[in-house]
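Chains as they are written, first to last, in UniProt numbering: chain D, 1 to 110; chain F, 1 to 380. The C-beta atom is built at its ideal place from N, Cα and C for all residues, glycine as well.
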Amino acid sequence: MSISIANDFSRVPAGRYHPSDGNKSGERFRSEFLAKRLLESDERVTVSLDGVVGFPSSFLEEAFGGLVRAGFKYDVLRKRLKIVTTEPRKQRYVEQIWQYIRDAKEEAVA
Amino acid sequence: MRFEGTARKAKRLRLASRRANKAKIRKNIHSGGLKRLPEKFRGVVRFQCPKNLSIDDNFSESLEFFTELKELSRQIVERRRFRPTTPLRYSIGIENLETISVRCAVIFAAEIDRLRRIAGDELIYQGRIEDDNEAISLLRQLGVFSLVGNREDVSTCENGMDRVVQGHRTAIQLMSGLNCDEDKLIGFYRSVQKIFDEFQTTDFVHKGVAEAMLNAINHAYISKFPLKYPSCGKRWWAAAVMNASETEFKVIIYDQGHGIAKTLPISGLVESMEVIAGRALQGVTKMIDSPDEVMVKAALEAARTRTGEDKRGKGFKDIQAPVREVRGARLRITSGRAQVTLQNGYDTFSLPLKHHIGGTLIEWVFPTQGFQERFVEVAQ
Chain D
1 MSISIANDFS RVPAGRYHPS DGNKSGERFR SEFLAKRLLE SDERVTVSLD
51 GVVGFPSSFL EEAFGGLVRA GFKYDVLRKR LKIVTTEPRK QRYVEQIWQY
101 IRDAKEEAVA
Chain F
1 MRFEGTARKA KRLRLASRRA NKAKIRKNIH SGGLKRLPEK FRGVVRFQCP
51 KNLSIDDNFS ESLEFFTELK ELSRQIVERR RFRPTTPLRY SIGIENLETI
101 SVRCAVIFAA EIDRLRRIAG DELIYQGRIE DDNEAISLLR QLGVFSLVGN
151 REDVSTCENG MDRVVQGHRT AIQLMSGLNC DEDKLIGFYR SVQKIFDEFQ
201 TTDFVHKGVA EAMLNAINHA YISKFPLKYP SCGKRWWAAA VMNASETEFK
251 VIIYDQGHGI AKTLPISGLV ESMEVIAGRA LQGVTKMIDS PDEVMVKAAL
301 EAARTRTGED KRGKGFKDIQ APVREVRGAR LRITSGRAQV TLQNGYDTFS
351 LPLKHHIGGT LIEWVFPTQG FQERFVEVAQ
């Protein structure tokens, strides 16, 4: 199961909360795409970052870090969530996303 | 005992209420609460714009003018409360205006937008739009005259880009919003392309612009502190201006909130000491940063936020990203009573300001050549 942020959601995602921050916010992407697909089946979910102009930190943190706050276990996400990109400049976002997930896990533990 | 009918009693009470309202207005005028309202409560209130509107070169006069505009918006709201049906005419003279800085042009345009939102159809521009005047040309491109319902000139205002005069700065029409909706962001980037053909929305531009807008929405207007002047919601204004020689272009995000110093909590003992020292020695020495300078610099440090939540506060890192990505780019944050500039990637220097500018203005200055070079690198 794959999700292309650029094709399925937006090329210019921005903001944390929906609808106060905007119509393409992290919260909306998490609830309507990520969490939904993860709950629908046990398949691995692949998220492609290609084609998106850029990812503001607040969007990434809420979309991916928010998964842990919504109840998804870190270990489960490690197994079932795959972030991919073919663009070299976007590799750093892959790192950033996993960092947000780890930070959210530590926050939850604390 | 005299009999009083219902109608007569209603009339008496109405007149008494009117007298009480008039007395209240007079009292407000005497106490200084309503400075601009004339004693007769009718007629025309006039005030003139200074010749040079600039934060760098004519700070006091420029700020005084902006304060008058803010006061005007407050008075309009006050007047409507007391006398909803009696029109009062205000006249803002800009005939004297000779030069205007980009920051002042954006603040001026945003103030006019606030007035339009408050005064509605009452705000009308009377006069001719002379393109020979560079300052007026910039204001026209930002859309100031179409904001004030200059109906006679509306056709030319709509096609502002066609009327660009050689040797003048070019600007996009001022945009504003209450959130970061997709169409707003795309509309803004497309508008910037109109003044800078080579402009491409790269990741660092999108991150910076979106986080600056979010800063206005989520932090600038916190309800803990009351706003002195009427607000138009948690609104941001955005503009982009290319200089006359097309060597440098500026992207600006502005809000009319409290300023960073008021909304960011003081963190730690060192910062508290710096703020106290700044407050005590303000005006005595320039060696110590003012409290506002300390707080704006603190906001530029990564992961600091008003909310105090760990997951938040990463926005200012994104706002700084363009400076680190484009050679020669600068970030200038004018907020409250401080101006902080970030350049060469990490060099920060600050300047105290005498008066509160009435919000936060985030400005990226990009050399066009540096931007083009960076875009080629990004594309590769």
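Check	Outcome
Cβ pair F/K314, D/E61 closer than 9 Å	yes
Residue nearest to F/A329 in terms of C-alpha spacing, selected from F/E373, F/I357 and F/A135	F/E373
Residue span of the beta strand (DSSP E) that contains F/P367, given as start and end	T360 to P367
Contact set between the region 320-339 of chain F and chain D, restricted to residues whose Cβ is under 8 Å from the partner	none
Straight-line gap, F/Q343 to F/F371 (C-alpha atoms, nearest Å)	15 Å
Interface residues of the region 211-237 of chain F facing chain D [CB-CB below 7 Å]	E211, L214 and I217
Terminal residues of the beta strand (DSSP E) in which F/E248 lies	E248 to D255
Residue nearest to D/Q99 in terms of C-alpha spacing, selected from D/H18, D/V68, D/T46 and D/G51	D/V68
C-beta neighbour in chain D for residue 386 of chain F, strict 9 Å	The structure shown does not extend to residue 386 of chain F, since chain F is modelled only from 1 to 380, so the question has no answer here.
Helix, strand or coil at F/F199 according to DSSP, with G and I counted as helix	coil
Per-residue burial, F/T334 [other beta carbons within 10 Å of its own, 16 or more giving buried]	buried
9 Å Cβ cutoff met for F/P322 and F/F375	no
Per-residue contacts from F/K194 into chain D (C-beta, under 7 Å)	Those within 7 Å of F/K194 in chain D number zero; the least Cβ separation is about 18 Å.
Own chain residues within Cβ distance below 6 Å of F/A210, not counting five before or after	C180
Limits of the beta strand (DSSP E) - the one that F/A238 falls within	W236 to M242
Sheet register partners of F/S60 (DSSP bridge)	In the DSSP output, where bridge partners are listed per residue, F/S60 has none listed.
Which of helix, strand or coil DSSP assigns to F/I52	Sequence check: residue 52 of chain F is Asn here, not Ile. Here F/N52 sits in strand by DSSP.
Distance between F/R337 and F/L353 (C-alpha atoms, nearest Å)	5 Å
Option in F/M175, F/D203 and F/E182 with minimal Cα separation from F/V192	F/M175
Buried or exposed by the 16-neighbour rule on C-beta atoms within 10 Å, applied to F/G345	exposed
Heavy atom of the ligand FAD within 8 Å of F/G259 beta-carbon	By its list of ligands, the structure shown contains no ligand whatsoever, and the ligand FAD lies outside what it can speak to.
Alpha-carbon spacing of D/V12 relative to D/P56, whole angstroms	9 Å
CB contact below 9 Å: D/S48 versus chain F	no
Sub-9 Å separation of F/A109 and F/V144 beta-carbons	yes
Cβ-based neighbour list, D/P19, same chain, cut-off 7 Å, excluding 5 preceding and 5 following	none
Test: F/D255 CB closer than 9 Å to a CB of chain D	no
For D/T85: DSSP bridge partner residues	Answer is none; D/T85 lacks a bridge partner.
Counted within 10 angstroms of its Cβ, other Cβ atoms place F/T170 as buried (16 or more) or exposed	buried
Identity of the residues DSSP links to D/I3 by a beta bridge	D/V47
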